[in-house]
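These notes concern the structure reproduced below.
Residue numbers (the numbering used here), protein chains in the order written: chain A, 124 to 410; chain B, 1383 to 1700.
As structure tokens, this is what we get:
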């Protein structure tokens, strides 16, 4: 059996080793349950528990009374619906811009291969070495200059300048069979046809990876949207939640936190493989 | 078919070689209008929002900029002002302290967890799903939730837990001596899952023959971990080490939301200081100092990133 770890099948037959492994793995599972799922379950419970219950006995497994109205109050009176919609719009736009920039650039650099591609790819990749903190102030001033403050464009467009996406897509395109492009060309397909009808349909796996990470990253982002979207009416959940804490009741606030967590967790559970098989991540590590 | 391996790499002869009888498959080569159209989104987005700001950041660090009057050249004044700011050294110390604590807590835990998890035979997926779950919780939600957990009163969530084993209450975020540790515990919880997945992927790359060879030499289970697994992970361990340093040097969210830098500036980090220079002053930002400090931080991190890039190259080649 080729797929083995530190322990051999001989080790697994030894009672002492097997016993120890079982105990260690059970303890590990319990710890992972507590650390990984514990806070999520606690949040889910507290979102539908009255404030007094949460404060008096925060670790009670079962609340004394349910207060499903928390969720409704958060959604309507605290206007979580609006911030939720803003978050969705910001994530959707950032996703579209990233996909557009990454696929067109990857196509040009990998398939069309202009003579200056090495230089261009180099200048794009060089930005990977520049920590985002350098961009903070000048990028903010750029957005002010373009009068994009308080518009979603201020988040969408800078999100597109992601060299890592281009690297991923370009590497994927590099490995597509070039004979197919030649065949398409012989059949009279121009670059646009080639891009839309040949390359993109062949690239679903990498588009999936880029998409999921784009949406999750947009959902998580805090500092940048906080700077460029000072008007609460256009703020996403991540920016609005810390401010809300000051003037809403604890149970409603926890309900709002729970609502903000649902979509990323659902995306993760639906696309677990993208996150966990290490493919995308080892790609990230290999830079 | 690739060229035979005997081909030499001397410069091409002056006389052009005869045209090959059978032309190689024509490459789709562009350079014309179509290519430019495809490059346009990247050029516009990177030009406006990446390349230009990078250049501007260098320029601005030598200027005094407020948004009202034209920027004036001030030489190294910004750098001098930043280096003379006593808060800078507090911030550097705090950031280093954060990095050290994050290494002590956040470096061994994912490694131990991953090595143990890779031996799991049943429900392996469940383990990695649970480990990764905190990574997908929005960081702002996580911090606000933990802020509640860190309630310093004896009825706070963590203090209740500690109280049940006779410890505490711990002041957590309220006290300068425990605030940073509290931030690091949360940050470790939030990030460890990602590192675990990286290690798990690397562990599948350890050749089983090495373990078999160690067994023939009579190695114990611990011996195999110490002499085979860990040395095989050396490359990836170095990479996660550097990634973690680069990440912790730019920590912002935790100090900003948990403590706002307090108590008594005990959690003011470099990035928080940059933010305060540029954006926290209602009288108008000190953009010059902010960019000067950003640049100094970036140079340090850039060196680390360059080392990282070299390492990943040699690592993925091996």
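From the three backbone atoms N, C-alpha and C, an ideal C-beta is built for every residue, glycine too.
Inset, instruction - Below 6 Å CB to CB, which residues in the same chain sit around residue 1461 of chain B once its five sequence neighbours on both sides are set aside? - result: 1674
Legend entry - Residue-level contact to chain A via CB, residue 1571 of chain B, 8 Å cutoff: yes
To the nearest angstrom, how far is it from the Cα of residue 187 of chain A to the Cα of residue 1547 of chain B? Between residue 187 of chain A and residue 1547 of chain B, the C-alpha separation is close to 25 Å.
task: Quick one: using the 10 Å Cβ neighbour count with 16 as the cut-off for buried, is residue 1443 of chain B buried or exposed?
output: Buried is the call here.
- Taking residue 181 of chain A as the reference, give the member of B:1531, B:1565 and B:1519 with the closest Cα. B:1531
DSSP three-state label for residue 395 of chain A, please.
helix
Exercise for review: Classify residue 1501 of chain B as helix, strand or coil using the three-state DSSP reduction.
Suggested key: Residue 1501 of chain B sits in coil when the DSSP states are folded into three classes, being neither helix nor strand.
* Distance, Cα to Cα, residue 1467 of chain B vs residue 1473 of chain B? -> 10 Å
> DSSP state of residue 1591 of chain B, grouped into three classes?
Replying inline: helix
Worksheet item: Going along chain A, which residues have a C-beta under 7 Å from residue 1544 of chain B?
Response: Here the premise fails: no neighbours, minimum Cβ distance about 12 Å.
Worksheet entry | Neighbouring residues, chain A, relative to residue 1532 of chain B (Cβ below 8 Å) | Listed along chain A is no residue with a C-beta nearer than 8 Å to that of residue 1532 of chain B; the closest approach is about 12 Å.
Review point. What are the start and end residues of the alpha helix (DSSP H) that includes residue 155 of chain A?
Key: Secondary structure note for residue 155 of chain A: its alpha helix (DSSP H) is the uninterrupted segment 138 to 155.
Please determine, among A:387, A:390 and A:377, the residue with the shortest C-alpha to C-alpha distance to residue 191 of chain A. A:377
Check: Which residues in chain A sit within 9 Å of residue 1593 of chain B, going by Cβ to Cβ distance?
Finding: 127, 128, 129, 130 and 131
Taking only three categories from DSSP, how would you classify residue 1445 of chain B? strand
Please report the straight-line C-alpha distance between residue 346 of chain A and residue 276 of chain A, rounded to a whole angstrom. 16 Å
Original post:
Are the beta-carbon atoms belonging to residue 1597 of chain B and residue 131 of chain A less than 8 Å from one another?
Top reply: Result yes, Cβ atoms of residue 1597 of chain B and residue 131 of chain A sit closer than 8 Å.
- Roughly how far, in whole angstroms, is the beta-carbon of residue 1653 of chain B from the beta-carbon of residue 1440 of chain B, given that I think they are within contact range, below 8 Å? About 19 Å separates the two Cβ atoms, so there is no contact after all.
- Compile a chain-ordered list of the residues in the region 140 to 157 of chain A whose CB is closer than 7 Å to at least one CB of chain B. When C-beta distances to chain B are compared with 7 Å, the residues of the region 140 to 157 of chain A below that value are 140, 144, 147, 148, 151, 152, 155 and 156, in chain order.
For residue 236 of chain A, report the span of its alpha helix (DSSP H) as first-last.
Note, residue 236 of chain A: premise wrong, no alpha helix (DSSP H); not H, not E.
Quiz item: DSSP state of residue 1454 of chain B, grouped into three classes?
Solution: strand
- Would you identify the three-state DSSP class for residue 1476 of chain B, choosing helix, strand or coil? helix
- [ ] Work out the CA separation of residue 308 of chain A and residue 396 of chain A for me, nearest whole Å.
- [x] Taking C-alpha positions only, residue 396 of chain A is separated from residue 308 of chain A by approximately 35 Å.
| message | If I measure Cβ to Cβ from residue 1541 of chain B and keep anything under 6 Å in the same chain, skipping five residues before and after, which residues do I get? | response | 1550 and 1551
- What separation, rounded to the nearest whole angstrom, lies between the Cα atoms of residue 1638 of chain B and residue 361 of chain A? 13 Å
- [ ] On a CA-only basis, which of B:1424, B:1578 and B:1669 is nearest residue 261 of chain A? Give me that one, please.
- [x] B:1669
Since residue 339 of chain A meets chain B, which of its residues come closer than 8 Å, beta carbon to beta carbon? 1518
Report task. Specify the secondary structure class of residue 358 of chain A as computed by DSSP and reduced to three states. Result -> coil
Entirely enclosed alpha helix (DSSP H) segments - the region 1585 to 1651 of chain B, minimum 4 residues:
1590 to 1598, 1603 to 1606 and 1616 to 1631
Notebook entry, point to check: Taking 8 Å as the CB-CB cut-off, is residue 207 of chain A touching chain B?
Noted result: Residue 207 of chain A does not count as touching chain B.
Going straight from the alpha carbon of residue 1427 of chain B to that of residue 289 of chain A, what length do you get?
Cα to Cα, the separation comes out at about 12 Å.
Using a cut-off of 8 Å between C-beta atoms, extract the partners of residue 1416 of chain B located in chain A. 235, 313, 314 and 315
_Within 8 Å of any Cβ in chain A, is that where the Cβ of residue 1590 of chain B sits?_
yes
query = Since residue 162 of chain A meets chain B, which of its residues come closer than 7 Å, beta carbon to beta carbon?
reply = 1527
Residue 270 of chain A classed as buried or exposed, judged by whether at least 16 other C-beta atoms fall within 10 angstroms
The residue in question, residue 270 of chain A, is exposed, as its Cβ has fewer than 16 Cβ neighbours within 10 Å.
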